[in-house]
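Note that our numbering numbers the sequence shown so that position 106 is 201, with each residue one more than the last.
Some notes on the structure that comes next.
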Amino acid sequence: MIVVFLGPPAIGKGTQARRIARERGLSVISTGDKLREAVAQGTDVGQEAKKFIDQGQLVPDEVVVRIVTDSLRSINGNGVILDGFPRTLSQAESLETHLEKEAGLDGVLHFEAPTEMLIGRASGRRICRNCQEIYHLEFRPPRSEGVCDACGQETLYQRTDDQEEAVRRRLEGDQLTTQKLVDFYQERGLLARVAADRDVDSIAKDVSLWVEGLS
Ligand SMILES: [Zn+2]
96 MIVVFLGPPA IGKGTQARRI ARERGLSVIS TGDKLREAVA QGTDVGQEAK KFIDQGQLVP
156 DEVVVRIVTD SLRSINGNGV ILDGFPRTLS QAESLETHLE KEAGLDGVLH FEAPTEMLIG
216 RASGRRICRN CQEIYHLEFR PPRSEGVCDA CGQETLYQRT DDQEEAVRRR LEGDQLTTQK
276 LVDFYQERGL LARVAADRDV DSIAKDVSLW VEGLS
């Protein structure tokens, strides 16, 4: 079984992916992790990716797709969840071509939440300038305002990237891309949706039912 979890980074799909994977003996392929692994191991495709990373450029779709499909080849067990892949329509098309020779995708689950909730999550993030520890005003507040629990310095700050306007712009860009992926998979009859603006357990229950329905 191969399934895709689709949705923006802050929506909690990574948490859900790991949880259902544990429950059902699935593997999770997270593009970011695999990319870092390939670079660290210096594989052919890792070296290719490193050229772009070193120049501060985005790793091209073609390279990302090779990293994911290489990982798919080495997976055993009950199946795989692709977390955060595909990210673009071109990646989705490449993945489809690659999987044509084997069994295709079994399903795509789109995690949905109101933009305001996602903005709230991202803009509540605080980072320690001194030791890089990460906090969240709502989900993981420091014991004392502005002070890092880990190193005791009053060095918590909000990255420019996490300020509300920046988050809003980023999300709007993401939503356009995601919509194309949603249409792509809907046309193929693979798409299901889950409301992600609920507590972790309720979401997990729906995710579990969905996966059960696929097998
Ligand atoms: Zn600190």
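We put the beta carbon where it would ideally sit given N, CA and C, even for glycine.
Since this is a predicted model, take the numbers as computed values, not measurements.
Are the CB atoms of residue 177 and residue 250 nearer to each other than 9 Å?
At least 9 Å separates the beta-carbon of residue 177 from that of residue 250.
Using 10 angstroms around the beta-carbon of residue 210, count the other beta-carbons present and answer buried if the total reaches 16, otherwise exposed.
With fewer than 16 other CB atoms across the displayed protein chains lying within 10 angstroms of its CB, residue 210 is exposed.
Beta strand (DSSP E) containing residue 172: first to last residue?
Per DSSP, residue 172 belongs to no beta strand (DSSP E) and is neither H nor E.
Proximity winner among 186, 270, 115 and 202, relative to residue 214 (alpha-carbon distances):
Per the Cα distances, 270.
The beta strand (DSSP E) enclosing residue 311, as first and last residue numbers
Outside the modelled stretch of the chain, which goes from 96 to 310, sits residue 311, for which no answer is possible.
For the candidate residues 182, 171, 106 and 306, whose alpha-carbon lies nearest to that of residue 153?
Checking every option, the nearest Cα to that of residue 153 belongs to 182.
Any idea what DSSP makes of residue 241, helix, strand or coil?
It is coil, neither helix nor strand.
Tell me whether residue 202 sits in a helix, a strand or coil according to DSSP, three-state version.
In the three-state reduction of the DSSP assignment, residue 202 falls in the strand class.
Go ahead and pull the three-state DSSP assignment for residue 163.
In the structure shown, residue 163 sits in a helix (DSSP, three-state: H, G or I).
Taking residue 200 and residue 285 to be in contact with their CB atoms under 8 Å, please state how far apart those CB atoms are, rounded to whole angstroms.
Between residue 285 and residue 200 the Cβ distance is about 6 Å, and since that is below 8 Å, they are a contact.
Give me, in chain order, the residues of the same chain whose beta-carbon lies closer than 8 Å to that of residue 115; leave out the 5 immediate sequence neighbours on both sides.
Cβ within range, chain order: 121, 176, 299, 302, 303 and 306.
Got a sec? Which residues, its chain only, sit under 8 Å from residue 235 by beta carbon, not counting five neighbours each side?
229, listed in sequence order.
Please name the residue, chosen from 145, 130, 207 and 148, that lies closest to residue 292 on a Cα-to-Cα basis.
Residue 207 is the option with its Cα nearest to residue 292.
Where DSSP assigns a beta bridge to residue 207, which residues make up the other side?
For residue 207, which the question treats as bridged, DSSP gives the partners 290.
Would you tell me roughly how many angstroms separate the C-alpha atoms of residue 168 and residue 193, rounded to the nearest one?
Those two C-alpha atoms are separated by around 11 Å.
Own chain residues within Cβ distance below 6 Å of residue 275, not counting five before or after
Here the set comprises 184.
Counting by C-beta, which residues lie closer than 5 Å to a heavy atom of ligand 1, in chain order?
After applying the 5 Å Cβ criterion, the set is 223, 225, 226, 228, 243, 245 and 246.
Compute the beta-carbon to beta-carbon distance between residue 266 and residue 103, rounded to the nearest angstrom, for a pair I have assumed lies under 8 Å.
Contact holds; Cβ gap of about 6 Å.
Under 7 Å Cβ to Cβ from residue 145, same chain only, skipping five residues before and after it: list those, please.
The answer, listed in chain order, is 134.
Out of 131, 186 and 217, which has the shortest C-alpha to C-alpha gap to residue 264?
Ranking the options by Cα distance to residue 264, first place goes to 217.
Using three-state DSSP, classify residue 154 as helix, strand or coil.
In this structure, DSSP gives residue 154 a state outside helix and strand, which the three-state scheme calls coil.
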